[in-house]
Amino acid sequence: MPNIMNYQDIITIEPGKRSGKPCIRGMRITVYDVLSYLASGMTYEEILEDFPYLTKEDILACLSYAADRERQTLIIQS
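In short: position in the sequence shown from 1, add 763, done, that's the working numbering.
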């Protein structure tokens with residue numbers, strides 16, 4: 764399995780910003796926003812063109828964050 768990018772310096776969570784959702788570098792764009800753009804079919808290049816303050820590393824950090832969250836998901840059966 765490939766190494767997952769270290770996203771801790773890029774993905775930030777602040778209680779007063781975007782209701783505490785994980786954001787990119789303290790900005791108001793969330794991991795969810797970026798993942799939604801990718802899921803809708805936007806390419807990295809299109810996202811970077813629409814949001815010039817983002818970097819490719821920011822997008823990769825969002826993907827790494829999501830992968831890590833998925834890995835940590837527990838299944839609870841009742």
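Ideal placement from N, C-alpha and C gives every residue a C-beta, glycine not left out. Every value quoted in this text rests on a predicted model; they were computed, and no experiment measured them.
Counting C-beta pairs with one atom in each stretch, the segment 777-793 and the segment 802-810 have fewer than three that are closer than 8 Å, which means they do not touch. The alpha-carbon of alanine 829 is positioned some 11 Å away from that of valine 797.
Taking all protein chains in view, the Cβ of tyrosine 770 is crowded by 16 or more other Cβ atoms within 10 Å, so the residue is classified as buried. Residue pairing from DSSP places isoleucine 787 in a beta bridge opposite Ile774. Cα atoms of threonine 775 and isoleucine 787: separation of roughly 6 Å, rounded to the nearest angstrom.
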